[in-house]
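Engineer: Add 201 to the 1-based position in the sequence shown for my numbering, that's all there is to it.
Have a look at the structure that comes next, please.
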Amino acid sequence: MSNPYYQTGERRAGRVQDLFGAIAGRYDLLNDLQSFGLHRWWKRRLIRLARIRPGDEALDVCCGTGDVTLALARRGAKAMGLDFSEPMLAVARRRPVTGGRATFLQGDALKLPFPDGRFAVVTISYGLRNLADMPGGLREMWRVLGPGGRLLILDFGKPTHPLWRRAYFLYLETFVPLLGRFVSGDAVAYGYILESLRHYPAQSGVREMLGELAGARVEEWNLLGGVMSIHRATKPCAATIQHPVAADV
Ligand SMILES: C[S@@+](CC[C@H](N)C(=O)[O-])C[C@H]1O[C@@H](n2cnc3c(N)ncnc32)[C@H](O)[C@@H]1O
202 MSNPYYQTGE RRAGRVQDLF GAIAGRYDLL NDLQSFGLHR WWKRRLIRLA RIRPGDEALD
262 VCCGTGDVTL ALARRGAKAM GLDFSEPMLA VARRRPVTGG RATFLQGDAL KLPFPDGRFA
322 VVTISYGLRN LADMPGGLRE MWRVLGPGGR LLILDFGKPT HPLWRRAYFL YLETFVPLLG
382 RFVSGDAVAY GYILESLRHY PAQSGVREML GELAGARVEE WNLLGGVMSI HRATKPCAAT
442 IQHPVAADV
């Protein structure tokens, strides 16, 4: 039976909002428990690959409780976290900002309220898989990125080794919902991870979608044998952007 939090079509965004609204208070604790703390290391890797320069404007899309936004700020960026879940943002806003500037804003990843080219860095960590329109979301993130800017995506992956993949899916099917039940009282919410991953195109699909973005130079890193992956798409500098020649009509 499919997970009730996973819906296709028009109900997708509403159900995702319900899900994160329900688990916001326990989200950080469960992240630590289910990944044995490894998500912190993966996020650090994402931040390093963002190559932040002090003063860079950085947008963290689907920021949730703000792990990545706050880490971008610690690196010296003027960081902004955007999410559509007010309960997740409320947790983020209560966290201390150390060593930089971070602001949080409610908004939709599919309609970013920013002008073209505003940011030097855009990140999305564990967010892309949840969007009702993944290519549309990526186009929005690409639009608000300036020349030479970096778009970084961290999310669950699908290992190519069949035994490792089976063991990992079994872990997501059994251990993670059980943990969700004991810690947040909601096994169904944590069963959503596997359901959303089944529908997620993962490494190869993300690579393909990024390849559709004008001029993107795409790189990929697999973590823990492909259990997680990071993609970085770099926008060409203004001088190297090829403008399409208008067709004769
Ligand atoms: C799994 S959490 C990730 C939170 C955080 N980035 C992290 O790595 O821990 C996914 C977040 O995406 C947000 N989200 C999903 N779809 C969204 C959309 N269309 N616009 C804005 N936020 C969205 C959810 O509200 C949730 O906070």
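All C-beta atoms, glycine included, are put in the ideal place defined by N, C-alpha and C.
What you are looking at is a predicted structure, and each value in this text was computed from that prediction instead of being measured.
Looking at L273: is its Cβ nearer than 8 Å to the Cβ of D261?
Structural biologist: Numbered from 1 along the sequence shown, position 72 holds the residue referred to as residue 273. Numbered from 1 along the sequence shown, position 60 holds the residue referred to as residue 261. In contact: L273 and D261 (Cβ atoms closer than 8 Å).
Engineer: Is F221 near ligand 1, judged by its Cβ being under 7 Å from some heavy atom?
Structural biologist: For the purposes of this step, residue 221 is taken as the residue at position 20 of the sequence shown. F221: yes, Cβ under 7 Å from ligand 1.
Engineer: So is F376 buried or exposed if we call it buried at 16+ other beta carbons inside 10 Å?
Structural biologist: Sequence index remark: in the sequence shown, residue 376 carries index 175 (1-based). A residue is called buried once 16 or more other Cβ atoms fall within 10 Å of its Cβ, and F376, having fewer, is exposed.
Engineer: DSSP has M429 in a bridge; who is on the other side?
Structural biologist: Against the sequence shown, residue 429 aligns to sequence position 228. According to DSSP, residue pairing for M429 in a beta bridge involves F357, L424.
Engineer: Can you tell me whether Y327 sits near ligand 1, meaning its C-beta is under 7 Å from at least one heavy atom of the ligand?
Structural biologist: By one-based count along the sequence shown, residue 327 stands at place 126. Yes.
Engineer: What three-state label does DSSP hand A303 in the structure shown?
Structural biologist: Here residue 303 refers to the residue found at position 102 of the sequence shown. It is a strand residue.
Engineer: Bridge partners of M335, per DSSP?
Structural biologist: The count along the sequence shown starts at 1 and reaches residue 335 at position 134. BP columns for M335 are empty, so no partner.
Engineer: How is the beta strand (DSSP E) around E258 delimited, first residue to last?
Structural biologist: Taking the sequence shown and counting its residues from 1, one reaches residue 258 at position 57. Run containing E258: 258-262, per the beta strand (DSSP E) assignment.
Engineer: Under 8 Å, with one C-beta from each stretch per pair, do the stretch 346-365 and the stretch 424-436 reach the 3-pair mark?
Structural biologist: yes
Engineer: Decide yes or no for the touch test of the stretch 287-297 against the stretch 330-344: beta carbon pairs closer than 8 Å, at least 3 of them.
Structural biologist: no
Engineer: Check this for me: beta carbons of T324 and V269, under 8 Å apart or not?
Structural biologist: Here residue 324 is taken as the residue at index 123 of the sequence shown, counted from 1. Here residue 269 is taken as the residue at index 68 of the sequence shown, counted from 1. For T324 and V269, yes; Cβs fall inside 8 Å.
Engineer: So, for Y369: in the same chain, excluding its five sequence neighbours on each side, which residues have a beta-carbon less than 7 Å away from its beta-carbon?
Structural biologist: For the purposes of this step, residue 369 is taken as the residue at position 168 of the sequence shown. Correct list, in chain order: P360, V428.
Engineer: Between the alpha carbons of L313 and S286, how many angstroms are there, rounded?
Structural biologist: Here residue 313 refers to the residue found at position 112 when the sequence shown is read from its first residue. Here residue 286 refers to the residue found at position 85 when the sequence shown is read from its first residue. Between L313 and S286, the C-alpha separation is close to 15 Å.
Engineer: Is the distance from the Cβ of L414 to the Cβ of R366 below 8 Å?
Structural biologist: As a first step, residue 414 is located in the sequence shown; it is residue number 213 there, counting from the start. As a first step, residue 366 is located in the sequence shown; it is residue number 165 there, counting from the start. When the beta-carbon positions are compared, L414 and R366 stay at least 8 Å from each other.
Engineer: Just to confirm the assignment, what range does the beta strand (DSSP E) spanning T324 have?
Structural biologist: Here residue 324 is taken as the residue at index 123 of the sequence shown, counted from 1. Per DSSP, T324 belongs to the beta strand (DSSP E) from 320-326.
Engineer: How do the stretch 402-414 and the stretch 222-241 stand: do at least 3 beta-carbon pairs fall below 8 Å, yes or no?
Structural biologist: no
Engineer: Confirm, please, whether the CB-CB distance from R351 to T435 is below 8 Å.
Structural biologist: Position 234 of the sequence shown, counting from 1, holds the residue named residue 435. Position 150 of the sequence shown, counting from 1, holds the residue named residue 351. In this structure, R351 lies closer than 8 Å to T435 by Cβ.
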